[in-house]
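Residue numbers (my numbering), protein chains in the order written: chain A, 2 to 416; chain U, 2 to 416.
2 protein chains.
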Amino acid sequence: MKPNFSLRLRVFNLNCWGIPYLSKHRADRVKRLGDFLNRESFDLALLEEVWSEQDFQYLRQKLLPAYPAAHYFRSGIIGSGLCVFSKHPIQEFTQHVFTLNGYPYMIHHGDWFCGKAVGLLVLHLGGLVLNAYVTHLHAEYNRQKDIYLAHRVAQAWELAQFIHHTSKKADVVLLCGDLNLHPKDLGCRLLKEWTGLHDAFLETRDFKGPEEGCTMVPENCYVNRQELEQFPLGIRIDYVLYKAVSGLYISCKTLRTTTGHEPHSGSPLSDHEALMATLCVRHSPPQHNPSPTHERSPLISVLREAWAELDQGMAQGRWWATIAGYVTGLGLLLLALLCALAAGGEIREVAVLLWTPSVGLVLGAGAFYLFHVQEAKGLCRARAELQHVLGRAREAQDQPALLLGQQEGDRAEEQ
Amino acid sequence: MKPNFSLRLRVFNLNCWGIPYLSKHRADRVKRLGDFLNRESFDLALLEEVWSEQDFQYLRQKLLPAYPAAHYFRSGIIGSGLCVFSKHPIQEFTQHVFTLNGYPYMIHHGDWFCGKAVGLLVLHLGGLVLNAYVTHLHAEYNRQKDIYLAHRVAQAWELAQFIHHTSKKADVVLLCGDLNLHPKDLGCRLLKEWTGLHDAFLETRDFKGPEEGCTMVPENCYVNRQELEQFPLGIRIDYVLYKAVSGLYISCKTLRTTTGHEPHSGSPLSDHEALMATLCVRHSPPQHNPSPTHERSPLISVLREAWAELDQGMAQGRWWATIAGYVTGLGLLLLALLCALAAGGEIREVAVLLWTPSVGLVLGAGAFYLFHVQEAKGLCRARAELQHVLGRAREAQDQPALLLGQQEGDRAEEQ
């Protein structure tokens, strides 16, 4: 690498709102997205909610000349909805499907069936190793009474851990996606604190787009305005986050966000706004490692907060499992009773009529029980990982001389 | 690190056969395992099939003085069964649960309910970063007609990918566990070729244990001899695998395997044999990168073989999904017909009697459909990753000058 080395990276991110049969003007929007991406020729285009593989294949064909490399991340029953198009060869890719992702019986929300995940691409650009991640976390349907909060925090933690453990040799780390988290939400703070990623919107000096960088705005004709009632300006839930290792300096030169209209035709590409960032990576002398005590405080406090949230979710999961266990037991008793009545021949028709709902009750409650046992285990696992990191962060705060872990390395490596 | 640096690592691995209520003499064996581990004082003890968390907690208490660090990897409904005890502090840990792990309707096999996984520990020993992995893959119930083969190959691939992507900054990589794979099985070759891990049994000059290093032997009183009918000496399915980065040399000084009897009391600790390896890590001058063409051939051939296996599994998964889709449709038609008959009042009792099995049919076939759609997606995902690696390996073989990828780095880094 030459001393005056500099790498310019143009990145595009969009939650495409591509639900077959449900999303309005899907085919037209996908076509216009393809035209737009071809015109702009980004280095990387990272997309979410491309639920139909046909849409991906259509884009792949259309974008082939400008983006020779592409990948669709398959998972779950419906899919992860994630895909990428790259101007540069993709060296490697893999994915991690989140352990917890809502409830199968919340069919109208559908997240559980999607297999939400984080996709990883490894690219080699100008002698640098770039790890690019694309993700989409569980949606937030009710901010006041969010039954998915613990799952989203667990997903943010798994995402942070996946990045932490897979990016140790990367020079530049990039994360794009729809986090379904507001900037000050617990999951977002946890992710940033543990990975050390920087927020393009907060870092750039040249931002053009809706006020406060919102990526779901009331001006967008596809947005349900009722959902934004409490947020007259809109909400910011889509992100471009990045970091570079020590010796490199990464900055966001410009960040553009669509404003409810497609830049050229005026009609929006999705119900979310697209993010277009120009990042610049260049040499920088390794900086002084900031005081760990000072650095660790926000990490410790956010870890504590996340621990409490996961703990509460775990208790709730166990409670539901217990209730479901009792209901299963009662259902089995009822079934035995019905069998006896039917055999006795007394109220045979009633017994036969009640047979179906009883079997349904046993099977339903049994499945509910198993699901919540698994949920509690998943939350317990995340809590254990978090607790370990918390313990080590506290040790390091108390005895800065005992700085042994990876986290120190990571911190030092951030620009 | 001093030039005459040398690290000695004593590692223990055992599949503990700890199924509550089912495994014979479980409490006694766990107690004796604890005594043995305390006596021997290994650096790391990696255990599989510790299905009961109470067993883990019992061992944790018992081993606390000799192994101050421990972790139990929770996942799925029952758990992963994996746990570790370490003499040295654990810097970090995380886990990856395999996407595919058998079929929920094969209740008597139970693997699906376990949430089989790979656990990762990061340790800092003598200035080196050690990534230790522990895993347990899907069991093989019928070697002649193995319906889980595609799943096990997919698991071996996910395991290899997880190690590949999380160990890029590790100086030493160690993998222990019950792979449920014979040494020449596709999954085992795939894992070794893609990660570059070496097999302690094949590498050591000082082995003591059953012939051919078998880890399930007919001499063990807990082993079902019928299962070993075709293998009079036993089978080797538990492994200690390792590698080190360039500049380091790792070797297996000694490998001891129990021989169907516990070393002291004579009664076996489990139906599997325990592996005890003494590894030695020392400095070594970076070696010449072996000819990539020569190196790549076995990788390409094993990738091709795995691709074909996953492809076949995928076709089968899709076939089952199609069948289940039709059955669901037929079940719905039958339900509609029964409703009409019951409303007409003609053969009401028969209609009511058939109601339960019809609802069961629709729900069962529907769940079967969703499961196999997800299975096909999971296999398709693994196949896509594999295909990409295969493409790049072929490119590199055809044009050795175009060596761009990680794989080269990995190869060069192995001792």
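Quick reminder that beta carbons are idealized off the backbone N, C-alpha and C, glycines included. Values in this document were obtained by computation on a predicted structure and should not be read as measured data.
Practice prompt. Note the first and the last residue of the continuous alpha helix (DSSP H) segment covering ILE164/U.
Written response: 150-167
Worksheet item: Out of curiosity, what's the CA-to-CA distance linking SER292/U and HIS199/U?
Response: Note on SER292/U: pLDDT 46, under 50, position unreliable in the model; the coordinate value appears next. If you take the alpha carbons of SER292/U and HIS199/U, they lie about 19 Å apart.
Discussion item. Can you tell me whether GLN96/A is helix, strand or coil according to DSSP?
Written reply: strand
Worksheet item: Cα separation between ARG349/U and HIS110/U?
Response: Going by the C-alpha atoms only, they are around 40 Å apart.
Practice prompt. Check whether the Cβ of ARG382/A lies closer than 7 Å to any Cβ atom in chain U.
Written response: yes
Practice prompt. Please say whether LEU229/U and GLU212/U have beta carbons closer to each other than 7 Å?
Written response: no
Practice prompt. Just the C-alpha distance for VAL66/A and ALA383/A, rounded to the nearest angstrom, thanks.
Written response: Here residue 66/A turns out to be Pro, not Val, going by the sequence shown. Approximately 43 Å between the Cα atoms of the pair.
Worksheet item: Quick one: does THR357/A have its CB under 7 Å from some CB of chain U?
Response: yes
Practice prompt. Just grab the DSSP bridge partners of ASP179/U for me.
Written response: HIS137/U, ASP239/U
Practice prompt. Please report the residue range of the beta strand (DSSP E) in which THR259/A lies.
Written response: Premise fails: THR259/A is in no beta strand (DSSP E) and is neither H nor E.
Practice prompt. Kindly list the residues whose CB is nearer than 6 Å to the CB of HIS125/A, restricted to its own chain and excluding five residues on each side of it in sequence; keep chain order.
Written response: GLN92
Worksheet item: According to DSSP, which residues form a beta bridge with ASP200/U?
Response: LEU242/U
Practice prompt. On the DSSP bridge assignment, give the partners of GLY19/A in chain order.
Written response: VAL51/A
Worksheet item: Buried or exposed: which applies to LYS117/A, given that a residue is buried once 16 or more other Cβ atoms fall within 10 Å of its Cβ?
Response: buried
Worksheet entry | Against chain U: residues of the region 31-42 of chain A by CB proximity under 7 Å | Listed by position along the chain: nothing, the set is empty.
Worksheet item: In chain order, what residues of the same chain have a beta carbon less than 8 Å from the beta carbon of LEU249/A, not counting five sequence neighbours either side?
Response: LEU129, ASP172, VAL173, VAL282, ARG283, HIS284, SER285, GLN416
Worksheet item: Whose C-alpha, out of LEU371/U, ALA70/U, ARG190/U, ALA245/U, is nearest the C-alpha of SER7/U?
Response: ALA245/U
Worksheet item: Less than 7 Å separating the beta-carbons of GLN156/A and PHE99/A?
Response: yes
Discussion item. Between HIS110/U and chain A, is any beta-carbon pair separated by less than 7 Å?
Written reply: no
Item to complete: Mark TYR327/A as exposed unless 16 or more other C-beta atoms lie within 10 angstroms of its C-beta, in which case mark it buried.
Response: exposed
Fill in: Which of helix, strand or coil DSSP assigns to GLY326/U
helix
Discussion item. I'd like the list of long-range same chain contacts for PHE369/U, defined as Cβ closer than 6 Å, with 5 residues on each side in sequence excluded.
Written reply: Same-chain partners within the cutoff: ALA325.
Discussion item. Give me, in chain order, the residues of the same chain whose beta-carbon lies closer than 8 Å to that of LEU342/A; leave out the 5 immediate sequence neighbours on both sides.
Written reply: ILE348, ARG349, VAL351, ALA352
Worksheet item: Skipping 5 residues on each side, what residues in its chain have a beta carbon closer than 6 Å to that of LEU1/A?
Response: Coverage of chain A is limited to positions 2 through 416, which leaves residue 1/A absent and any answer about it impossible.
Worksheet item: To the nearest whole angstrom, what separates the beta carbons of GLN55/U and SER76/U, a pair I think is in contact under 8 Å?
Response: Actually they do not touch by this definition, with Cβ atoms about 17 Å apart.
Worksheet item: Taking the alpha carbon of LEU83/A as the point to measure from, which residue in LEU45/A, LYS63/A, ASN16/A has its own alpha carbon closest?
Response: Comparing Cα positions, the closest option is ASN16/A.
Fill in: Alpha carbon of HIS89/U to alpha carbon of LEU45/U, nearest angstrom
8 Å
Practice prompt. Determine, using beta carbons only, whether GLU194/A and LEU300/A come nearer to each other than 7 Å.
Written response: yes
Item to complete: Within 10 angstroms of the Cβ of ALA344/A, are there 16 or more other Cβ atoms? Answer buried if so, exposed if not.
Response: exposed
Item to complete: Please classify PHE43/U: does DSSP put it in a helix, a strand, or coil?
Response: coil
Discussion item. According to DSSP, is MET315/A part of a helix, a strand, or is it coil?
Written reply: helix
Worksheet entry | Rounded separation between LYS25/A and VAL31/A - CA only | C-alpha separation (whole angstroms): 11 Å.
Item to complete: Note down, one range per segment and in chain order, each beta strand (DSSP E) of at least 3 residues found wholly within the region 330-358 of chain A.
Response: none
Practice prompt. Compute the Euclidean distance between the alpha carbons of GLY210/A and SER42/A, then round it to the nearest angstrom.
Written response: 20 Å
Worksheet item: Sorted by chain position, which residues of the same chain lie with C-beta nearer than 6 Å to VAL119/A's C-beta, five sequence neighbours on each side aside?
Response: HIS97, TYR134, THR136, LEU160, PHE163
Worksheet entry | Cut-off 6 Å between Cβ atoms - residues of its own chain near LEU138/A, not counting five sequence neighbours on either side | ARG153, GLN156, LEU180, ASN181
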